[in-house]
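Asker:
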Amino acid sequence: MVLVSVWVTSPDTHSERRLDSSLTVQQLKDKLVAITGIAPHYQTLHMFASPEATDPLAALDDDEASLSSYGLAKYNCIKVESTDPTARPGEFSDLSAVDKFELTEEEYASRSDTVLAHLRAHKLGRFADVPAALAHAPPPPARAPADVVPGARAEVGARRGTVRFVGEATIGKGGVWVGVELDEPVGKGDGSVDGTRYFTCPPKHAVFVRPDKVTVGDFPEEDLLARDDDEI
518 MVLVSVWVTS PDTHSERRLD SSLTVQQLKD KLVAITGIAP HYQTLHMFAS
568 PEATDPLAAL DDDEASLSSY GLAKYNCIKV ESTDPTARPG EFSDLSAVDK
618 FELTEEEYAS RSDTVLAHLR AHKLGRFADV PAALAHAPPP PARAPADVVP
668 GARAEVGARR GTVRFVGEAT IGKGGVWVGV ELDEPVGKGD GSVDGTRYFT
718 CPPKHAVFVR PDKVTVGDFP EEDLLARDDD EI
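For the sequence shown, my numbering begins at 518 and goes up steadily by one.
1) F682 and Y715 look like a contact to me (Cβ under 8 Å); what is the Cβ gap, rounded to whole Å?
2) Quick one: any contact between the region 640 to 650 and the region 691 to 699, if contact means 3 or more CB pairs under 8 Å?
3) What does the Cβ neighbour count give for V648, buried or exposed, with the cut at 16 atoms within 10 Å?
4) Going by the CB atoms, is the gap between K730 and V703 shorter than 8 Å?
5) If you draw a straight line from the C-alpha of L562 to the C-alpha of Q544, how long is it?
6) Terminal residues of the continuous alpha helix (DSSP H) containing H563?
7) Taking 8 Å as the cut-off, does the region 581 to 599 touch the region 520 to 532 (at least 3 CB pairs, one atom from each stretch)?
8) Here's a check: name, in chain order, each residue in its chain whose Cβ is nearer than 8 Å to the Cβ of E581, leaving out the five neighbours to either side.
9) Which residue's Cα is closest to the Cα of A556: K690, G684, T603 and V673?
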């Protein structure tokens with residue numbers, strides 16, 4: 518199975534996905550129902566070089582053909598159009614007419630039924646007393662565990678990725694940092710911090726953490742289309 522990162526766009530959605538290039542067009546349509554809300558028989562698919570491209574590379578109109586046979590490449594864009602005569606584009610994504618409940622910072626701070634009020638009342642979070650032993654932050658780490666090396670698969674919390682950088686970095690208070698290229702665009706950059714580049718990856722795929730936040734192991738990339746809760 519070869520997973521390819523691509524963009525999937527429809528009238529109401531836009532997200533990055535990893536597709537198995539051996540999928541047939543029909544199998545892809547079946548998976549796209551949960552993402553786009555468009556039934557397979559109403560889907561018209563076109564492949565573009567990128568989300569910004571205006572001329573399609575191909576029309577994915579052979580339901581039995583595989584995606585690889587169309588030459589699907591990394592960061593191509595598959596645009597899904599709906600032929601459903603009852604469809605109303607924007608019905609579920611246009612929030613301009615939705616009434617919003619808003620509070621100013623002062624109004625929120627004055628309420629007694631908020632998370633802020635709970636934290637303040639119970640001295641939690643930023644309202645907690647700082648123990649004397651922690652009054653001075655420990656020095657930054659001087660080394661990383663032996664298994665935290667570039668190229669290793671790793672987890673940072675619930676996020677998976679590949680270690681791309683391990684070493685001293687002028688980030689925060691310095692010391693050793695680990696740069697991870699995340700599988701999904703849930704990071705904070707492209708591998709550079711404050712003008713210094715430590716590695717290169719697509720935007721929003723990079724994260725830098727201390728070594729103790731990284732767990733190295735056999736963490737394969739996940740097929741995002743296999744889950745229904747990955748909509749961005």
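Note that beta-carbon positions come from the ideal geometry of N, C-alpha and C, so glycine has one too.
None of the values given here were measured: they were computed from a predicted structure.
Answerer: The structure says:
1) Counting from one through the sequence shown, the residue named residue 682 turns up at place 165. Counting from one through the sequence shown, the residue named residue 715 turns up at place 198. Cβ atoms of F682 and Y715 come within 8 Å of each other, at about 4 Å.
2) no
3) The residue given as residue 648 occupies position 131 in the sequence shown. For the sequence presented, residue 648 should be read as Pro rather than Val. So P648 ends up on the exposed side.
4) By 1-based counting over the sequence shown, the position of residue 703 is 186. By 1-based counting over the sequence shown, the position of residue 730 is 213. Their beta carbons are not under 8 Å apart, which means V703 does not touch K730 by this criterion.
5) Walking along the sequence shown from the start, residue 562 turns up at place 45. Walking along the sequence shown from the start, residue 544 turns up at place 27. Each residue's Cα considered, the two are about 13 Å apart.
6) If you number the sequence shown from 1, residue 563 lands on position 46. Counting along the chain, H563 falls outside any alpha helix (DSSP H), though it belongs to the beta strand (DSSP E) covering Q560 to F565.
7) yes
8) Taking the sequence shown and counting its residues from 1, one reaches residue 581 at position 64. So the qualifying residues of the chain are T541, V542 and Q543.
9) Residue 556 sits at position 39 when you count from the first residue of the sequence shown. It is T603.
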